[in-house]
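Q: First, the structure itself, so that you have it in front of you.
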Amino acid sequence: MRRLAVRAAVMVAAVLGFASPAFSYPINVVPVVGPSDSTPAPGAFFTATGSNFCPHGTVSFFLDGDFVGASEANGSGNASLLMQAPLIPGAYELKATAVNCDGVEGGRELDVAFSQIVVTDDTGLPDTGSNSGIPLQAGMVLLVAGGGLAAVAAIRRRKPTAA
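Numbered per this note's numbering, the sequence shown spans residues 2 to 164.
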């Protein structure tokens, strides 16, 4: 009789929610990482943000395989890190890794997310402060004036015709 009462109490506690799971992290969720700006200028700062990692776990960020820094994920599994874009324009791989919630390290047991940033230097031509409009207008005025002078000179050089 006592065993039956204990079993009934355990079942009621489980149904009412007194028993909590070992962790509340969704197992089948794939981690995601992305930059705040996917096309930063060379040397510009951007924020790399990762989500769906194990809550309160350490998330390591890499840029083209080079370790940049680490950040602790919050209770929702989100982590972010302020990063500086490389000085040389090009495409770079952004990667975030963390040990999964089971605490197993190595191989397939790591949570890994990939993204890409493209560092662009599309500033165009530098502003030198010069304006080519005025010299072009002056050149047009001189061209017209020169054409007019040539026409006057041609008329004056004509020989009078005999009548």
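For every residue, glycine included, the Cβ atom is placed at its ideal position computed from N, Cα and C.
(1) Distance check for G134 and L150, CA to CA, integer angstroms please.
(2) Run through the DSSP bridge pairs and tell me what I135 is partnered with.
(3) Spell out the partners DSSP gives T40 in its beta bridges.
(4) Would you mind working out which of V31, V145, G91, C102 sits nearest D65, comparing C-alpha positions?
(5) Comparing alpha-carbon positions, which option in A146, D122, L82 lies nearest K96?
(6) Quick check on DSSP: helix, strand or coil for S21?
(7) Figure out for me which residue from C55, G78, N53, A49 has the closest Cα to the Cα of V69.
A: If we stick to the structure as given:
(1) 25 Å
(2) Paired residue(s): none; I135 is not in a bridge.
(3) Partner(s): none; T40 has no beta bridge.
(4) G91
(5) L82
(6) Note that S21 scores 45 on pLDDT, short of 50, meaning its location in the model is unreliable and no value can be drawn from it.
(7) A49
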